[in-house]
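Reviewing the structure listed below.
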Amino acid sequence: MSGGDITGHGEAGHTRLRLYVAGTSPRSTRSIESVRRLCEHRLGGACDLEVVDIYQQPALAGEDGVVAAPTLVRLSPLPARRITGDLSDERHVLDGLGLGGLGLGGLGLGGLGLGGLGFGGAANEH
């Protein structure tokens with residue numbers, strides 16, 4: 001299953017994301033839709049999204065240390081970060097990936113520096 005491809009190594013100002021899903025389950029479908037919506041509406045389209053099915057590409061999941069799905073990995077800008085589980089809360093996802101200041105400007109929250117908040121280990125730097 002492929003929802004998009006990474007183009008190059010990430011252009012300046014672009015965020016590279018890799019979403020790991022488990023097959024074509026309803027949860028996988030909801031996760032893909034949520035992350036695509038986040039890329040389009042909160043990141044202004046400045047996002048390259050690659051969708052990886054862990055059943056079809058287990059080696060890639062292993063390389064990124066993914067042990068559960070759905071998992072969203074921010075590949076760039078560095079450092080890489082990840083968030084696992086429910087991806088429907090855009091603020092939680094952006095904050096977990098350290099992108100809180102980038103995507104919340106339309107909500108009047110962009111200057112609050114929310115990207116530094118932790119969420120009980122759901123988001124990890126590696």
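Residue 44 in UniProt numbering sits at position 44 of the sequence shown, and the numbers go up by one each step.
Here a beta-carbon is modelled for each residue, glycine too, at the ideal position from N, C-alpha and C.
Quick caveat, the model's predicted, so the values are computed rather than measured.
Burial state of residue i (16 or more Cβ within 10 Å)
i, result
"arginine 37", "exposed"
"glycine 103", "Caution applies to glycine 103, whose pLDDT of 48 falls short of 50 and renders its modelled position unreliable; the value that the coordinates give is listed next. Classification for glycine 103: buried."
"residue 133", "Nothing can be reported for residue 133: it is not among the residues displayed for the chain, which extend from 1 to 126."
"proline 70", "buried"
"threonine 15", "buried"
"serine 25", "exposed"
"leucine 78", "exposed"
Cross-strand partners of residue i (DSSP beta bridge)
i, result
"valine 67", "Beta-bridge pairing links valine 67 to no other residue."
"tyrosine 20", "Val52 and Thr71"
"threonine 15", "Cys47"
Selected residue, minimal CA-CA separation from residue i, among the options
i, options, result
"glycine 100", "Arg42, Val67 and Arg27", "Arg42"
"serine 88", "Leu60, Arg30 and Ile54", "Arg30"
"alanine 61", "Leu78, Thr84, Cys47 and Pro77", "Thr84"
"valine 52", "Ala68, Glu33 and Arg18", "Arg18"
"leucine 75", "Asp48, Ile32, Asp86 and Val35", "Asp48"
"glutamine 56", "Leu94, Tyr20 and Val93", "Tyr20"
"arginine 82", "Ser34, Leu72 and Val35", "Leu72"
Cα-Cα separation, residue i to residue j
i, j, result
"alanine 22", "valine 66", "11 Å"
"glycine 105", "glycine 44", "For glycine 105, the predicted model reports a pLDDT of 43, less than 50, meaning its position is unreliable; a value from the coordinates is still stated below. Cα-Cα distance, rounded: 11 Å."
"residue 158", "glutamate 40", "Outside the modelled stretch of the chain, which goes from 1 to 126, sits residue 158, for which no answer is possible."
"glycine 98", "glutamate 63", "21 Å"
"valine 35", "leucine 94", "10 Å"
"glutamate 90", "alanine 46", "16 Å"
"aspartate 86", "proline 58", "21 Å"
"histidine 92", "glutamate 33", "16 Å"
Interface flag, residue i vs chain D, CB-CB below 7 Å
i, result
"glycine 98", "The structure shown contains no chain D, having only a single protein chain."
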